[in-house]
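Asks:
Protein chains: 2
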Amino acid sequence: MAAWAERLAGVRGVLLDISGVLYDSGSGGGTAIAGSVEAVARLKRSPLKVRFCTNESQKSRRELVGLLQRLGFDISEEEVTAPAPATCQILKERGLRPHLLVHDGVRSEFDDINMSNPNCVVIADAGESFSYENMNRAFQVLMELENPVLISLGKGRYYKETSGLMLDVGGYMKALEYACGIEAEVVGKPSPEFFKSALQAIGVEAHQAIMIGDDIVGDVGGAQQCGMRALQVRTGKFSPMD
Amino acid sequence: MAAWAERLAGVRGVLLDISGVLYDSGSGGGTAIAGSVEAVARLKRSPLKVRFCTNESQKSRRELVGLLQRLGFDISEEEVTAPAPATCQILKERGLRPHLLVHDGVRSEFDDINMSNPNCVVIADAGESFSYENMNRAFQVLMELENPVLISLGKGRYYKETSGLMLDVGGYMKALEYACGIEAEVVGKPSPEFFKSALQAIGVEAHQAIMIGDDIVGDVGGAQQCGMRALQVRTGKFSPMD
Chain S
174 MAAWAERLAG VRGVLLDISG VLYDSGSGGG TAIAGSVEAV ARLKRSPLKV RFCTNESQKS
234 RRELVGLLQR LGFDISEEEV TAPAPATCQI LKERGLRPHL LVHDGVRSEF DDINMSNPNC
294 VVIADAGESF SYENMNRAFQ VLMELENPVL ISLGKGRYYK ETSGLMLDVG GYMKALEYAC
354 GIEAEVVGKP SPEFFKSALQ AIGVEAHQAI MIGDDIVGDV GGAQQCGMRA LQVRTGKFSP
414 MD
Chain D
174 MAAWAERLAG VRGVLLDISG VLYDSGSGGG TAIAGSVEAV ARLKRSPLKV RFCTNESQKS
234 RRELVGLLQR LGFDISEEEV TAPAPATCQI LKERGLRPHL LVHDGVRSEF DDINMSNPNC
294 VVIADAGESF SYENMNRAFQ VLMELENPVL ISLGKGRYYK ETSGLMLDVG GYMKALEYAC
354 GIEAEVVGKP SPEFFKSALQ AIGVEAHQAI MIGDDIVGDV GGAQQCGMRA LQVRTGKFSP
414 MD
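Residue numbers (this note's numbering), protein chains in the order written: chain S, 174 to 415; chain D, 174 to 415.
(1) So that I know if they touch, is there some Cβ in chain D lying closer than 8 Å to that of tyrosine 305 of chain S?
(2) When the cut-off is 8 Å and only beta carbons count, does leucine 349 of chain S lie next to chain D?
(3) Apart from the five residues on each side of it in sequence, which residues of its chain come closer than 8 Å, Cβ to Cβ, to lysine 217 of chain S?
(4) Looking at the structure shown, is threonine 260 of chain S part of a helix, part of a strand, or coil, going by DSSP?
(5) Since serine 370 of chain D is in the alpha helix (DSSP H), which residue starts that stretch and which ends it?
(6) For glutamine 313 of chain D, go through chain S and note every residue whose CB falls closer than 8 Å to its CB, in chain order.
(7) Answer yes or no: do glutamate 282 of chain D and alanine 257 of chain D have a C-beta to C-beta separation smaller than 8 Å?
(8) Counting along the chain, where does the beta strand (DSSP E) carrying valine 359 of chain S start and finish?
(9) Using a Cβ-Cβ cut-off of less than 9 Å, list which residues of the stretch 283–309 of chain D approach chain S; keep chain order.
(10) Near methionine 316 of chain S, what residues of its chain come up, given a Cβ to Cβ distance below 7 Å and the 5 sequence neighbours on each side ignored?
(11) Strictly under 8 Å for the Cβ-Cβ distance: is glycine 193 of chain D near chain S by that measure?
(12) Under three-state DSSP, which class holds lysine 222 of chain S?
(13) If the cut is a Cβ gap below 7 Å, which residues of chain D does methionine 316 of chain S touch?
(14) Let me confirm a value: glycine 376 of chain S is counted as buried when at least 16 other C-beta atoms fall within 10 Å, else exposed. Which label applies?
(15) Say whether chain S places a C-beta atom closer than 8 Å to the C-beta of glycine 344 of chain D.
(16) Apart from the five residues on each side of it in sequence, which residues of its chain come closer than 8 Å, Cβ to Cβ, to glutamate 335 of chain D?
(17) Going by DSSP, name the residue or residues bridged to glutamine 405 of chain S.
(18) Determine whether the Cβ of alanine 357 of chain D lies closer than 8 Å to any Cβ atom of chain S.
(19) Threonine 260 of chain D and valine 295 of chain D look like a contact to me (Cβ under 8 Å); what is the Cβ gap, rounded to whole Å?
(20) What three-state label does DSSP hand methionine 174 of chain S in the structure shown?
(21) Looking at the structure shown, is alanine 205 of chain D part of a helix, part of a strand, or coil, going by DSSP?
(22) Flag alanine 352 of chain S as yes if its beta-carbon sits less than 8 Å from any beta-carbon of chain D, otherwise no.
(23) For a contact meaning CB atoms closer than 9 Å, what does tyrosine 332 of chain D contact in chain S?
(24) Would you mind listing the alpha helix (DSSP H) stretches within the stretch 227–279 of chain S that are 4+ residues and don't spill past its ends, in chain order?
(25) Within the chosen definition, does the stretch 312–331 of chain D reach the stretch 361–381 of chain S through at least 3 CB pairs nearer than 8 Å?
(26) Return the residue from the list S:Gln242, S:Leu189, S:Glu319 that minimises the CA-CA distance to leucine 221 of chain S.
(27) Near lysine 232 of chain S, which residues of its chain fall below 8 Å by C-beta distance, leaving aside the five closest residues on each side in sequence?
(28) Label alanine 357 of chain S either buried or exposed according to how many other C-beta atoms from any shown protein chain fall within 10 Å of its C-beta, with 16 as the threshold for buried.
Given below as structure tokens:
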């Protein structure tokens, strides 16, 4: 905690990444990273405002928070900024009806979204659901649209499970971009809008905030571009190359 | 044939794409494109040298040629330049032992290649074999290599089956490039080496040759960059946008 405490001097708010910082996902739900349950508890006892800012798109917020609570974390749904709810807001604002290429675990977040006659495609970290058949269907939906809109929940390259490194949504986003000749809209880190909405939720300005994450691009680079400080942990997908 | 005949004036050799020009692949093997069986027969009766130059990487040359012969085409294995045999030559020259992410139909082309303890990944149009599990395995192999080498058999965006447009290998190549932070080596059109090897096989110089294909990038653009003329057919994946 010594290093954290120093870097936190002068800041009013902390954005915490979840996967790779609080826990590593994996079979049976995953495991808490050593010291992180206590670190969150200490942050919450401090005068600092805390917000969890995740690109997790395999699970609904409810499922994710339930898992973290079982691992011992002090966290509630209302404290989490996640890409699926942010996407739903965008879909409603723009009258978009998505074809979903997502993990079954996150589908419930889209329960009140009109999905008839799709006019866009939403992809998230779909894991095993990234079959050729499902990718091809998403591709065909995009190719049939006059103005194809592809929304990607994050653009991570990979993440770490207890069993090893796993392909994240970013590659699949690139595959559809290339095949269709389009550019995706990314909802989630490192999009500035996403960081801003997390800061807004705790009423903290960017220059008063620090982002703590394991992703040198999504977490650290993204936060710095928004005027925040950032700290990369040496857990999760951290590599000495970073 | 009138338009072809005009454009062919002054040329000594013709490179013919296969998928989308001679036939559309699909269930049951596919169907010949109207007029193409007779067009190939006429070309072969002419003084022009003819070479088939394909990015087909789902089937072995033997299987592809067998299919085309059953559809009525005058074609033999020795007349076909295809990426799998070209890749095998590169693997041997450079002492590369591939992890294959390919369609079962083309696996036999790699029968005499050493695949123990892989030091590169070869991907081709794998169709249904582009599962998340298989993509993740290829990703993990690359991430474990000190100098990751990814060879892609073509980089097509999509192709046309009788049932509709289908994702080609290009998107999956981009996915692995992005996830691993590397650049693939492409064997096949539009790589200049590939066109040159096809021209060499018929002893024709680039300026004396014309490429006939349905892909504005892989066939037309690639051939023109090599100094050949090119003609885009209005079959296969041709779109009026081209």
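Beta carbons: idealized from backbone N, C-alpha and C, even for Gly.
Replies: Answer, in terms of the structure:
(1) yes
(2) yes
(3) Val223, Asp247
(4) helix
(5) 365–375
(6) Gly337, Leu338
(7) yes
(8) 358–360
(9) Ala299, Gly300, Glu301, Ser302, Phe303, Ser304, Tyr305, Glu306, Met308, Asn309
(10) Cys353
(11) no
(12) strand
(13) Leu338
(14) exposed
(15) yes
(16) It should be noted that the sequence gives threonine, not glutamate, for residue 335 of chain D. Excluding positions up to five away in sequence, the list reads Asp197, Ser198, Gly199, Ser200, Gly203, Thr204.
(17) S:Gly386
(18) no
(19) 6 Å
(20) Note that methionine 174 of chain S scores a pLDDT of 49, beneath 50, so its modelled location is shaky; the value from the coordinates is reported in the next line. Reduced to three states, the DSSP call for methionine 174 of chain S is coil.
(21) strand
(22) yes
(23) Result: empty, since nearest Cβ-Cβ is about 11 Å, beyond 9 Å.
(24) 234–243, 256–267
(25) no
(26) S:Leu189
(27) Leu240, His276, Gly278, Val279
(28) buried
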